[in-house]
Amino acid sequence: MDITNEISQIIGQAESSTLEYKTVLPPSKNIAQIICAFANTDGGYIVLGVSDNLEINGLSTDFHANAITHKALDLLSPQPQIHYQYVVHQGKKLYVIKVEKSTIPILLEGKVYKRIGSTTKLENPIEIQFNPYGYLRIKEINIQFETYKKNATSAKIKLIDHYQSILK
């Protein structure tokens, strides 16, 4: 997918919920946070080589943006759909990552990030993890385990007890 035409229309716009500029290549974890946030919101673009005040600086040839992008993707679970490439804009070399909106939550180290305005925010983990139906399912599983224990050997009973201790 060639995103050169899309970028020529986007550059010059202010940072937003779908656009992030970086003058230089940040560490892979920072890139992963932004990718995670875009995927969990509406998708978006990360443009490297442009400053926050919209000055197009470009990137030097010694940047290893592809390697950093791959490291960032390895930190995410599941990996979102992205497209990335170098583009030349006004004679300057830029690196663009286009992040598609995900239909399922994308996690970075077990956490969900979202894009709010032009900032990346950590979603409240308590809200995300609580699922009342999950608690009911755990109770059902414990009842099933009790049924299995009636006809089980002592080794199987120990194993079931272990699993039940984890579920409590």
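The opening position of the sequence shown corresponds to residue 842 in the working numbering, with each subsequent residue numbered one higher.
The beta carbon of each residue, even a glycine, is placed where N, CA and C say it ideally should be.
The alpha helix (DSSP H) with residue i in it runs from where to where?
i	result
leucine 1003	Just to set this straight, residue 1003 is histidine in the shown sequence, not leucine. Segment 995-1008, the alpha helix (DSSP H) holding histidine 1003.
glutamate 847	845-851
lysine 870	869-881
Going by Cα to Cα distance, which pick from the options is closest to residue i?
i	options	result
leucine 889	Lys870, Cys877, Val865 and Phe904	Val865
threonine 910	Lys955, His924, Lys999 and Ile1007	His924
aspartate 843	Ile938, Val953 and Thr994	Ile938
lysine 955	Ser995, Gly885 and Thr845	Gly885
isoleucine 848	Ser1006, Val928 and Phe986	Val928
With respect to the beta strand (DSSP E) encompassing residue i, which residues constitute its N-terminal and C-terminal limits?
i	result
threonine 960	960-963
histidine 924	923-930
lysine 991	That residue, lysine 991, is in no beta strand (DSSP E); it is neither H nor E in DSSP.
isoleucine 782	Any question about residue 782 goes unanswered here, given that the chain covers just 842 to 1009.
lysine 942	Where lysine 942 is concerned, there is no enclosing beta strand (DSSP E), given that its DSSP letter is neither H nor E.
Spatial neighbours of residue i within its chain, please: CB distance less than 6 Å, with the 5 preceding and 5 following residues excluded, ordered by chain position.
i	result
glutamate 981	none
With a cut-off of 8 Å on the beta carbons, I'd call residue i and residue j a contact; round off their distance for me.
i	j	result
alanine 873	leucine 916	4 Å
glutamate 896	isoleucine 875	That belief does not hold up - the Cβ atoms of glutamate 896 and isoleucine 875 are roughly 20 Å apart, past 8 Å.
valine 953	asparagine 881	6 Å
valine 891	leucine 963	Their Cβ separation, rounded to whole angstroms, is 25 Å, which puts valine 891 and leucine 963 out of contact at 8 Å.
isoleucine 945	cysteine 877	Not really, about 12 Å apart at Cβ, beyond 8 Å.
Below 7 Å CB to CB, which residues in the same chain sit around residue i once its five sequence neighbours on both sides are set aside?
i	result
lysine 912	Ser869
leucine 1008	Ile979, Ile982 and Asn983
isoleucine 851	Leu860 and Tyr886
According to DSSP, simplified to helix, strand and coil, what is residue i?
i	result
glutamine 854	strand
leucine 866	coil
isoleucine 982	helix
leucine 860	strand
serine 977	According to the sequence provided, residue 977 is leucine. The question's serine does not apply to it. Helix at leucine 977.
For residue i, which residues from the same chain have a beta carbon less than 8 Å from its beta carbon, with the 5 sequence-adjacent residues on both sides left out?
i	result
asparagine 907	Tyr925
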